[in-house]
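>
2 protein chains.
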Amino acid sequence: MANATIRDVAKRAGVGVGTVSRVLNDSTAVSSATRQKVQTAIAELNYSPSPIARRLSLGRTMTIGVIAPFFIRPSYVERLRGVEAALSNSEYDFIIYNVETVARRNDCFHDVPRQERVDGLLIMTLTPTDEEADYFVQSGMPTVLIDSSHRHLSHVMIDDVAGGYQATQHLIDLGHRKIGYISDLLQESPFGFRPVANRYEGYLQALAHAGIEFYPEYHRQGELSRREARRLAHELLTLPDPPTAIFAYSDTQAFGVLRAAQDLGLKVPEQLSVIGYDDIEIAEFLHLTTIRQHLYESGVRGAELLLGEISNPLSRPQEIVLPTTLVERDTTAPPLLC
Amino acid sequence: MANATIRDVAKRAGVGVGTVSRVLNDSTAVSSATRQKVQTAIAELNYSPSPIARRLSLGRTMTIGVIAPFFIRPSYVERLRGVEAALSNSEYDFIIYNVETVARRNDCFHDVPRQERVDGLLIMTLTPTDEEADYFVQSGMPTVLIDSSHRHLSHVMIDDVAGGYQATQHLIDLGHRKIGYISDLLQESPFGFRPVANRYEGYLQALAHAGIEFYPEYHRQGELSRREARRLAHELLTLPDPPTAIFAYSDTQAFGVLRAAQDLGLKVPEQLSVIGYDDIEIAEFLHLTTIRQHLYESGVRGAELLLGEISNPLSRPQEIVLPTTLVERDTTAPPLLC
DNA sequence: GAACCGAATGGAACCGGTTCCAATTAGAGC
DNA sequence: GCTCTAATTGGAACCGGTTCCATTCGGTTC
Numbered sequence: 003m004a005n006a007t008i009r010d011v012a013k014r015a016g017v018g019v020g021t022v023s024r025v026l027n028d029s030t031a032v033s034s035a036t037r038q039k040v041q042t043a044i045a046e047l048n049y050s051p052s053p054i055a056r057r058l059s060l061g062r063t064m065t066i067g068v069i070a071p072f073f074i075r076p077s078y079v080e081r082l083r084g085v086e087a088a089l090s091n092s093e094y095d096f097i098i099y100n101v102e103t104v105a106r107r108n109d110c111f112h113d114v115p116r117q118e119r120v121d122g123l124l125i126m127t128l129t130p131t132d133e134e135a136d137y138f139v140q141s142g143m144p145t146v147l148i149d150s151s152h153r154h155l156s157h158v159m160i161d162d163v164a165g166g167y168q169a170t171q172h173l174i175d176l177g178h179r180k181i182g183y184i185s186d187l188l189q190e191s192p193f194g195f196r197p198v199a200n201r202y203e204g205y206l207q208a209l210a211h212a213g214i215e216f217y218p219e220y221h222r223q224g225e226l227s228r229r230e231a232r233r234l235a236h237e238l239l240t241l242p243d244p245p246t247a248i249f250a251y252s253d254t255q256a257f258g259v260l261r262a263a264q265d266l267g268l269k270v271p272e273q274l275s276v277i278g279y280d281d282i283e284i285a286e287f288l289h290l291t292t293i294r295q296h297l298y299e300s301g302v303r304g305a306e307l308l309l310g311e312i313s314n315p316l317s318r319p320q321e322i323v324l325p326t327t328l329v330e331r332d333t334t335a336p337p338l339l340c
Numbered sequence: 003m004a005n006a007t008i009r010d011v012a013k014r015a016g017v018g019v020g021t022v023s024r025v026l027n028d029s030t031a032v033s034s035a036t037r038q039k040v041q042t043a044i045a046e047l048n049y050s051p052s053p054i055a056r057r058l059s060l061g062r063t064m065t066i067g068v069i070a071p072f073f074i075r076p077s078y079v080e081r082l083r084g085v086e087a088a089l090s091n092s093e094y095d096f097i098i099y100n101v102e103t104v105a106r107r108n109d110c111f112h113d114v115p116r117q118e119r120v121d122g123l124l125i126m127t128l129t130p131t132d133e134e135a136d137y138f139v140q141s142g143m144p145t146v147l148i149d150s151s152h153r154h155l156s157h158v159m160i161d162d163v164a165g166g167y168q169a170t171q172h173l174i175d176l177g178h179r180k181i182g183y184i185s186d187l188l189q190e191s192p193f194g195f196r197p198v199a200n201r202y203e204g205y206l207q208a209l210a211h212a213g214i215e216f217y218p219e220y221h222r223q224g225e226l227s228r229r230e231a232r233r234l235a236h237e238l239l240t241l242p243d244p245p246t247a248i249f250a251y252s253d254t255q256a257f258g259v260l261r262a263a264q265d266l267g268l269k270v271p272e273q274l275s276v277i278g279y280d281d282i283e284i285a286e287f288l289h290l291t292t293i294r295q296h297l298y299e300s301g302v303r304g305a306e307l308l309l310g311e312i313s314n315p316l317s318r319p320q321e322i323v324l325p326t327t328l329v330e331r332d333t334t335a336p337p338l339l340c
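Taken in sequence, the protein lines are chains A and B.
Take the first sequence: its position 216, counted from the start at 1, is 218 in the numbering used here, and no numbers get skipped.
Take the second sequence: its position 217, counted from the start at 1, is 219 in the numbering used here, and no numbers get skipped.
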């Protein structure tokens, strides 16, 4: 009773299994009398088809894999929310592969397309090598990158060079010349996140355009956490000639900077300007000036791209570039005159 | 080449499919010479077994379903992190079923056990009715509740009555007598979250034990969001005889209260004490006094319970109760003397 | 009334694993 | 050398769907 099969239904309705399958899949070639009989039998037996068997014979899993590093970080949560929203209208479920080590990253990249667990892959921030990208393409696994890019794969990119430029330029516009930058790990990062290099690039470009010399002492990098950012900001702010403004790679790190300022009794924004990046939900509450990247939307667009690619596998790689926006709140102001 | 099957491997190795299967599953009854041959063939064909086929014949999905309302709320993210950590050591994946409407809740409760998509179910905060619980039991679906309870199902409960009591008692200990409470929706909530009733109960008990009369005007309820909490706090604080302390159902709501205080120019904690609930990550940064419930741990313990139940289905329902802890920071203090 | 056609239907084969039973083989014991 | 037993091994049957091919049947057409 618990688990009736399609054969039980067929027997009870006095038809063949093919017919039952046709009724289930809304094939038109079934007379309405037969359809009626089958539906009655289905109801009587409280039958529901086994998705696993369906998948096996269809060769599709109706599941999407999402590979995300540190999926509990606020920015990934926002992106996932977008993915969830886009997928909730479809027939697809998603499985999260959380990545916190390089070994795990490599395992995921290698195993997930091979095991036929998923019909498509959404990869966040992690950038595949050329080899890996070709491997995805050749294995026929529809793959979409969010927050990174590769010329052979569809992707939703955030223009982080522009974002970094925007943040720095905002500080310059306010009159700052001594602008610190607290970054995520640049070289030593095991993952080589693309946005890390890009925002740094934007920072350098804005300085150069304004004719401000880059002062290496003002650039600090460390693991992405409030605690570490607080430590680094403390270092910056206790330099003999400290910066008057700090651009932080992420809102989370900006909060660490704010804390350091508080520790040292510096008033924000009067004595120190701080700008973050991401515009995560809590940023508004804390009045943080920041660069908004459309996190939620990046998830939605990425998922849509992937669904399109699954239903139409031959399409050429698409690129979506999402802009960034300056959100001015209360942590930036002109520097004090000296 | 892309997708070799077990039969290809068997042919190439010159053995039967049963033997290949035995090698794959580390059955002992294979001579080492044969094992060698098979492994060579596997390597040559770059073969990896299809999990779907495996699931069909095994009748197991190696996947766990997690039903979570509003999974992007910080407290659920923390719990999920615990689940992910516990599951990452196992062979199981997990699928998130996000619930934001009652219809969706009912769908999930009804369909997920029936479709054989998952081997076990982890349900957060949502409380099954007796009927639903029996349905889970009868369908043989191992089910564990986190942050709610039912006598027929294993669960990880947070002692929210004690937590509500603790929060209120802390304010009383400081000398407050006029204590407001801003709650999640109590009656009208479509989900009937258990913790909502429990924390309120704790609040009432603490007041009663201290001989403080409950003053209905001091109790407000509204949708769980910062914005709504800010509005409600504003109402409370502009009463003719406003409370000197406010207990908020969640940290998120406490932040709304803090904002309302700021709007009205009230100093915290001098003129208003605020205590939250959850101890989400950002609470420490904002120096919020709060009640810590062990969110991450609740996820870990729940997942462990479920894995145990899957491997040993006959066990009786277990109960784990996690305590709550008062975390004193800088948003509570004795009231001003009048 | 015969020939023909299309729609509806039944059911075998298939997806790719696991498992169980029967058959083979090797080795031990006498 | 023969028998018996245990260890290996091969492969059919099965899990529960889908699909395709063959068949049946009712209705046209001449």
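Glycine residues also receive a C-beta, built at the ideal position from the N, C-alpha and C atoms.
Give a yes or no on contact between the segment 184-195 of chain A and the segment 217-225 of chain A, applying the rule of three or more CB pairs nearer than 8 angstroms.
Enough Cβ pairs lie closer than 8 angstroms, so yes.
> From what residue to what residue does the alpha helix (DSSP H) around His211 of chain B run?
Arg196 to His211
> Only counting the same chain, and skipping five residues up and downstream in sequence, which positions put a Cβ closer than 6 angstroms to that of Arg318 of chain B?
Exclusion of the five residues before and after Arg318 of chain B leaves no residue of its chain whose Cβ lies closer than 6 angstroms to its Cβ.
> Would you identify the three-state DSSP class for Met3 of chain A, choosing helix, strand or coil?
Interpretation of Met3 of chain A is limited by its pLDDT of 43, a score under 50 that renders its predicted location unreliable; the figure taken from the coordinates is listed afterwards. Met3 of chain A falls in the coil class under three-state DSSP.
> Can you name, in chain order, every residue of its own chain whose Cβ lies under 8 angstroms from the Cβ of Lys39 of chain A, other than the five neighbours on each side?
Ala15, Gly16 and Val17
> Under 9 angstroms between beta-carbons, which chain A residues line up against Ser313 of chain B? List them in chain order, please.
Within chain A, no residue comes near Ser313 of chain B; the closest Cβ sits about 20 angstroms away, beyond 9 angstroms.
> Could you give the uninterrupted runs of the alpha helix (DSSP H) lying entirely in the segment 61-130 of chain B, keeping only those of 4 residues or more?
76-90 and 104-116
> Enumerate in chain order the residues of its own chain whose CB-to-CB distance from Val120 of chain A is below 7 angstroms, with the five nearest sequence positions on each side excluded.
Thr63, Thr65, Ile66, Gly67, Ile97 and Val114
> At which residues does the beta strand (DSSP E) containing Tyr49 of chain A begin and terminate?
Run containing Tyr49 of chain A: none; DSSP gives neither H nor E here.
> Check whether the Cβ atoms of Ala305 of chain A and Leu58 of chain B lie closer than 8 angstroms to each other.
no
> In whole angstroms, what is the alpha-carbon distance linking Phe73 of chain B and Asn100 of chain B?
6 angstroms
> Thinking just about the alpha-carbon of each residue, which of B:Asn5, B:Cys110, B:Gln168 and B:Arg196 is nearest to the one in Ser150 of chain B?
B:Arg196
> What does the alpha-carbon distance come out to for the pair Val104 of chain A and Leu124 of chain B?
Within the model, the alpha-carbon separation for Val104 of chain A versus Leu124 of chain B is close to 29 angstroms.
> In chain order, which continuous runs of the alpha helix (DSSP H) of length 4 or greater are located wholly inside the segment 256-301 of chain B?
Counting only runs that start and end inside the segment 256-301 of chain B, the alpha helix (DSSP H) elements of at least 4 residues fall at 283-287.
> How would you label Arg107 of chain A, buried or exposed, when you count the other beta carbons within 10 angstroms and need 16 or more for buried?
buried
> If you draw a straight line from the C-alpha of Leu328 of chain A to the C-alpha of Ile160 of chain A, how long is it?
14 angstroms
> Any chance the segment 265-285 of chain A sits against the segment 231-250 of chain A, with 3 or more Cβ pairs inside 8 angstroms?
yes
> In the DSSP assignment, what are the bridge partners of Val163 of chain A?
Paired residues: none, contrary to the question.
> So which residues on chain A does Ser52 of chain B lean against when the C-beta distance must stay under 7 angstroms?
Glu118
> Straight-line CA distance for Glu311 of chain A to Ile69 of chain A?
Counting only the Cα atoms, Ile69 of chain A lies some 17 angstroms from Glu311 of chain A.
> On the criterion of 16 or more Cβ atoms from any shown chain inside 10 Å, does Leu241 of chain B qualify as buried, or is it exposed?
exposed
> Can a CB atom of chain A be found closer than 8 angstroms to the CB of Met3 of chain B?
Here Met3 of chain B scores only 43 on pLDDT, less than 50, and its place in the model should not be relied on; the value that follows carries that caveat. Met3 of chain B does not count as touching chain A.
> Phe216 of chain A to Arg201 of chain A, Cα distance in whole Å?
15 angstroms
> Along chain A, in chain order, which residues have C-beta atoms closer than 7 angstroms to that of Leu58 of chain B?
Result: Ile54, Ala55 and Leu58.
> Pairs of beta-carbons, one from the segment 133-148 of chain A and one from the segment 134-148 of chain B, closer than 8 angstroms: are there three or more?
no
> Distance check for Thr291 of chain B and Ser275 of chain A, CA to CA, integer angstroms please.
Taking the straight line joining both Cα atoms gives about 28 angstroms.
> Do Val302 of chain A and the ligand NAD come close, with the Cβ less than 7 angstroms from some heavy atom?
No copy of the ligand NAD appears in this structure; indeed no ligand is present at all.
> Quick check on Asp95 of chain A - is its C-beta less than 8 angstroms from some C-beta in chain B?
Closer than 8 angstroms to some Cβ of chain B, the Cβ of Asp95 of chain A qualifies, so yes.
> So which residues of chain B does Phe287 of chain A contact, with C-beta pairs closer than 8 angstroms?
Arg228, Phe257 and Arg261
> To the nearest angstrom, how far is the alpha carbon of His172 of chain A from that of Gln207 of chain A?
13 angstroms
> For Glu118 of chain A, which option in B:Tyr49, B:Pro336 and B:Ile148 has the closest C-alpha, if you only look at C-alpha atoms?
Of B:Tyr49, B:Pro336 and B:Ile148, the residue nearest in Cα terms is B:Tyr49.
> Run through chain A and tell me which residues come within less than 7 angstroms of Val79 of chain B, C-beta to C-beta.
Ile74 and Val79
> Between which two residues does the beta strand (DSSP E) holding Phe249 of chain B run?
Ala247 to Ala250
> Cβ closer than 7 angstroms: which chain A residues qualify as neighbours of Ile284 of chain B?
Ile284
> Of all Cβ atoms in chain B, is any one closer than 8 angstroms to the Cβ of Arg83 of chain A?
yes
> Can you give me the C-alpha to C-alpha distance between Val79 of chain B and Asp253 of chain B, rounded to a whole angstrom?
Straight-line Cα distance between these residues: approximately 14 angstroms.
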